[in-house]
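Enquirer: One line per chain: the protein sequences are Y and C, in this order.
When we follow numbering that gives the first Met the number 0, the leftmost residue of the first sequence carries the number 0, and every step to the right adds one.
When we follow numbering that gives the first Met the number 0, the leftmost residue of the second sequence carries the number 0, and every step to the right adds one.
Protein chains: 2
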Amino acid sequence: MERTRDEQAEATKDHIANVAMEMFAAHGFSATSTRKIAKQAGVSEGLIFHHYGTKMGLLRGAAARSGALSDHIAQGLAADPDAPIEEQLRRIAEGFVAFLRADRLAARVFRVLMAESTTHPELYAMQQERTQTAVKQLSRYLSTRIAAGELRGDLRVDSAAQVLLGSFLWFFFTHMHLDADAWTTAARVHCDAVVDQWLRGALAEGAP
Amino acid sequence: MERTRDEQAEATKDHIANVAMEMFAAHGFSATSTRKIAKQAGVSEGLIFHHYGTKMGLLRGAAARSGALSDHIAQGLAADPDAPIEEQLRRIAEGFVAFLRADRLAARVFRVLMAESTTHPELYAMQQERTQTAVKQLSRYLSTRIAAGELRGDLRVDSAAQVLLGSFLWFFFTHMHLDADAWTTAARVHCDAVVDQWLRGALAEGAP
DNA sequence: GTCTATAGCTAGATAGAC
DNA sequence: GTCTATCTAGCTATAGAC
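1) Is DSSP giving residue 141(Y) helix, strand or coil here?
2) My output table needs one value for residue 154(Y): the three-state DSSP class, helix, strand or coil.
3) Report yes if the CB atom of residue 18(C) is closer than 8 Å to the CB atom of residue 62(C), and no otherwise.
4) Please specify which runs of the alpha helix (DSSP H), each continuous and at least 4 residues long, are wholly inside the region 68–146 of chain Y, giving them in chain order.
5) At what residues does the alpha helix (DSSP H) containing residue 56(C) begin and finish?
6) Looking at chain Y, is there any beta carbon in it that lies within less than 8 Å of the beta carbon of residue 71(C)?
7) Applying the 10 Å Cβ sphere with the 16-neighbour rule, what's the burial state of residue 207(C)?
8) Can you tell me which of the three DSSP states residue 202(Y) falls into?
9) Nearest to residue 124(Y) by alpha carbon, out of 174(C), 197(C), 198(C), 7(C)?
10) Thinking C-alpha only, which one of 133(C), 204(C), 153(C) is nearest residue 67(C)?
11) Using the three-state DSSP reduction, which class does residue 3(Y) fall into: helix, strand or coil?
12) Taking the CB atoms as reference points, tell me whether residue 159(Y) and residue 158(C) lie closer together than 8 Å.
13) For a test of the three-state rule: what should DSSP assign to residue 189(C), helix, strand or coil?
14) Which residue from 29(C), 55(C), 16(C), 54(C) puts its Cα closest to that of residue 39(C)?
15) Looking at residue 26(C) and the ligand FAD, is the gap between the Cβ and the nearest heavy atom below 7 Å?
16) Considering only the beta carbon of each residue, do residue 162(C) and residue 161(Y) sit closer than 8 Å?
17) Whose Cβ in chain Y lies nearer than 7 Å to the Cβ of residue 29(C)?
18) Look up residue 178(C) in the DSSP assignment and say whether it is helix, strand or coil.
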């Protein structure tokens, strides 16, 4: 198994990004120095700047390489668009919980980007675009369910979608201190209750 | 109007905290130097350390001086506990929007604490305590409305309270880029829709 | 493509005068 | 209570050898 010089370089670049994200997630962007990243990654500081130009470029690059949390939600939605809405929503919620539990790095990346985005307009835009994509896909889906007569005709789909997504994400943000097991249990209970109440408020009169 | 030496000192200390919070909110905690804070506040750097010991102490102190966002919510709840729930919730939502618009510093403090709490366990605990207090007061209120027959008996009050609070706060977080007027308009629409759907899902069968 | 060396600066914090 | 002066350490980024 020989590696070309380019492949090796690309692997090193990736490795730097991964290490950087771990450290940004743990201590924040500003509080993590390029020196510490270099040491932890086992490369020289100069190499980081060779590959990414600036520290901000490193964050950008590393963030771009990690899959967006919202992509996952959107993906779950597209899987079986004609399933009954209750089943669909519960499946999304369940998948969301499982994903956050399994892919801890993605979760931490999301968290750190959310935090840093409050002070870096560029990151704010990036994060905004990602979440808004998910919200839009969700609202579009809700619209199809209105058309199908499953949901009330006067449901305000944008707000409804934001409540659903926001409730999940807010829970995630405010329960990070729990360990994986406790978090999963609490998340399931919370998601169940949310979907339940949300549906009661959204279903068409006399729907099944 | 004479001021004692102590009063003057206390005023200066407050002033430093206010300036610091403005700057932390604008650029983040780590990215804001004590030097810049001193310059902006018109005092020496030494004085900051005299009053607050460390930079972290300054953040702690400044945060403690500002009223918690959640206090305001809790307060709104207590004002007229026997009003019909719909009126009550709309009043809270409206007050919440007005408050965030009027008291920009409190809003920024909340935002910066939320961001920094992802990397400072101490701040996380502080923020957690503040929001959980609000959630608990809200759930307790919801319980009284169940007892009064206004809300469904099987409503899971903790989750319901978190959805309500989380939806408002999440909106706040993801719409910071709007100017005050646009933000207020969007916030009103969103809050209305949220309360509306939330109530439909929470009211007892056959309630008015 | 990667490293070593270092420039040039800014950071948080302290000491001591007033 | 407040300021000036300063210490030391750490920072991002660059230059040039290999």
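Glycine is no exception: its CB is placed at the ideal position from the N, C-alpha and C atoms.
Expert: Put simply:
1) In the first sequence, residue 141(Y) corresponds to position 142, counting from 1. Helix, per DSSP.
2) On the first sequence, residue 154(Y) is found 155 positions in, with the first residue counted as 1. Residue state, collapsed to three classes: coil.
3) For the purposes of this step, residue 18(C) is taken as residue 19 along the second sequence, with counting starting at 1. For the purposes of this step, residue 62(C) is taken as residue 63 along the second sequence, with counting starting at 1. No, the Cβ-Cβ distance between residue 18(C) and residue 62(C) is not below 8 Å.
4) Runs of the alpha helix (DSSP H) inside the region 68–146 of chain Y: 68–78, 84–101, 103–115, 120–146.
5) One-based indexing of the second sequence puts residue 56(C) at position 57. It spans 54–64 - the alpha helix (DSSP H) in which residue 56(C) sits, taken as one unbroken run.
6) Counted from its first residue, the second sequence places residue 71(C) at position 72. With 8 Å as the cut-off, residue 71(C) does not count as an interface residue toward chain Y.
7) Here residue 207(C) refers to the residue found at position 208 of the second sequence. Confidence is the limiting factor: at residue 207(C) the pLDDT is only 46, short of 50, which leaves the residue's position unreliable, though a coordinate-based value still follows. Counting every other CB atom within 10 Å of its CB across the protein chains shown gives residue 207(C) a total below 16, marking it as exposed.
8) The residue you call residue 202(Y) lines up with position 203 of the first sequence. Residue 202(Y): strand per DSSP, three-state reduction.
9) Here residue 124(Y) corresponds to residue number 125 of the first sequence, with the count starting at 1. Comparing Cα positions, the closest option is 174(C).
10) Position 68 of the second sequence, counting from 1, holds the residue named residue 67(C). Of 133(C), 204(C), 153(C), the residue nearest in Cα terms is 133(C).
11) As a working mapping, residue 3(Y) is identified with position 4 in the first sequence. DSSP places residue 3(Y) in coil when its eight states are reduced to three.
12) In the first sequence, counting from the first residue as 1, residue 159(Y) sits at position 160. In the second sequence, counting from the first residue as 1, residue 158(C) sits at position 159. Contact: no.
13) Taking the first residue of the second sequence as 1, we reach residue 189(C) at position 190. If DSSP states are grouped into helix, strand and coil, residue 189(C) belongs with the helices.
14) Sequence index remark: in the second sequence, residue 39(C) carries index 40 (1-based). Nearest C-alpha to residue 39(C): 16(C).
15) The model depicted lacks the ligand FAD and carries no ligand whatsoever.
16) Residue 162(C) sits at position 163 when you count from the first residue of the second sequence. Residue 161(Y) sits at position 162 when you count from the first residue of the first sequence. No; because the gap between Cβ atoms is not below 8 Å, this pair is not in contact.
17) Sequence index remark: in the second sequence, residue 29(C) carries index 30 (1-based). Simply 27, 29, 30.
18) Your numbering for residue 178(C) matches position 179 in the second sequence. Three-state DSSP puts residue 178(C) in coil, outside helix and strand.
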